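Read in order, the letters of the sequence shown are residues -24 to -1, 1 to 222 in mature numbering (1 follows the signal peptide of the UniProt record, and there is no 0). C-beta atoms are modelled at their ideal positions from N, C-alpha and C, and glycine is treated no differently. Here the structure is a predicted model, which is why all the values come from computation and not from measurement.
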Amino acid sequence: MTKYFSPLCILMIIWCIWAPISTASYDGTTYSSFASTECKRHPEEPLYDGGLLMDKETQYTWVNGSNLVLSPSFALQNLTKDTYYCFSAWVKTNDTSLTLIRASLTTEIETLNCTGTVLAQKGCWSFLKGGFMLNYTSNSPLLYFQNPQGKNINVQIANPALEPFSKEQWRLDQEYKINKGRKREVIIHVSNKNGLKLKGADVTVRQKSRDFPFGSAISASIIGNLPYQKWFTERFNAAVFENELK
């Protein structure tokens, strides 16, 4: 049976121990959340020490997009099925205005036209970051960079990186970071006004708020949809718009 006590007679002390909940350590490669919107004078070091692109030199390949354009590229080998591939690079162009540069991946089966984009410019380096997953194995894919309108501009690539994560690695990394950064141990002591511990008390704790943004994407169907609005606001305190709302 749940016991209720008057607030005048109860002193509840909640101590938050600011150390992560005990969890098995993850000793694999962790996903780097680094990103930069600043155009820098010099490119920074590659993530993951370059990963699969370590020591690979940029090639230039004629790619047939809107026009036949000579594009910086990397010839890859043996990309495996159901693997998360995270890639990044520093990009610079010879165009005097901001220019959209898109990373694309061509395999034996298809072309993934947009696996990452950045607005690059002349005289400084912009950071492009993206990723992809294939549902098949590709033996000789090509990762290349060009303007999606096929503008014939000089695109320079520096310090690229491509890092694979299996689904298990991806999930273990997520759980490790959640436990390390979000979860905390809480010890609750229930006592009376004299400071004596109350034995046999049933305590129910319900989280009312959180101190970090937690959200999801919302679609255009949320407009005027009261059940959807109620469901969303009960669970999240942040949102991003899907395409129809942009």
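Extent of the continuous beta strand (DSSP E) to which Asn122 belongs: Reading the sequence as shown, one finds Gln at residue 122 and not Asn. Its beta strand (DSSP E) spans residues 118 to 122.
Residues near Cys62 in its chain [Cβ-Cβ closer than 6 angstroms; skip 5 each side]: Around Cys62, the same chain offers Gly107, Glu139 as residues with beta carbons nearer than 6 angstroms, after the five sequence neighbours per side are excluded.
Quick one: complete alpha helix (DSSP H) runs, 4+ long, within the stretch 91 to 145? Listed in chain order, nothing qualifies, since the stretch 91 to 145 has no complete alpha helix (DSSP H) run of 4 or more residues.
Buried or exposed, going by whether 16 or more other CB atoms sit within 10 Å of the CB of Cys90? By the neighbour-count rule (16 or more Cβ atoms within 10 Å), Cys90 is not buried but exposed.
Can you name, in chain order, every residue of its own chain whose Cβ lies under 8 angstroms from the Cβ of Ser73, other than the five neighbours on each side? Once the five neighbours on either side are set aside, the close Cβ partners of Ser73 are Gln97.
Give me the Cα-Cα distance between Val67 and Met30, rounded to the nearest whole angstrom. Going from the Cα of Val67 to the Cα of Met30 covers about 17 angstroms.
Enclosing alpha helix (DSSP H) for residue 237 [first to last residue]: Only positions -24 to 222 of the chain appear in the structure, and residue 237 is not among them; the question remains open.
Considering only residues of the stretch 27 to 78, which uninterrupted beta strand (DSSP E) runs meet the minimum length of 3 residues and lie entirely inside it, listed in chain order? As far as the stretch 27 to 78 is concerned, its whole beta strand (DSSP E) runs of at least 3 residues are 35 to 40, 44 to 51, 59 to 69.
Express the C-alpha separation of Ala65 and Arg160 in angstroms, rounding to a whole number. When rounded, the distance between both Cα atoms is 36 angstroms.
Once the 5 residues before and after Arg158 are set aside, which same chain residues still bring their CB inside 8 angstroms of it? Contacts found: Phe188.
Three or more beta-carbon pairs under 8 angstroms between the stretch 5 to 19 and the stretch 141 to 156, yes or no? Between the stretch 5 to 19 and the stretch 141 to 156, the count of C-beta pairs closer than 8 angstroms reaches three or more; the two stretches touch.
Hey, Glu21 and Asn135 are a contact pair by Cβ (cut 8 angstroms); roughly how many whole angstroms apart? That pair is a contact at about 6 angstroms.
Buried or exposed: Lys16, going by 16 or more other Cβ atoms within 10 Å of its Cβ? With fewer than 16 Cβ atoms within 10 Å of its Cβ, Lys16 is classed as exposed.
For Lys159, the three-state DSSP class (helix, strand or coil): Lys159: coil per DSSP, three-state reduction.
Please classify Thr(-2) as buried or exposed, where buried requires at least 16 neighbouring CB atoms within 10 angstroms. Confidence at Thr(-2) is low in this model, with a pLDDT of 48, below 50, so the placement of that residue should be treated as unreliable; the coordinate-derived value is given next. Looking at its Cβ environment, which holds fewer than 16 other Cβ atoms inside 10 Å, Thr(-2) is exposed.
Could you pull the start and end residues of the beta strand (DSSP E) that Phe217 belongs to? Element bounds for Phe217: 214 to 217.
Is it true that the stretch 42 to 54 meets the stretch 109 to 123, where meeting means three or more beta-carbon pairs spaced less than 8 angstroms apart? In short, these stretches touch, since the Cβ pair count reaches three.
Would you check if the distance between the CB atom of Gly92 and the CB atom of Leu104 is smaller than 8 angstroms? In this structure, Leu104 lies closer than 8 angstroms to Gly92 by Cβ.
What does DSSP give as the partner residues of Ser192 in its beta bridges? Answer by DSSP bridge pairing, in chain order: Ala215.
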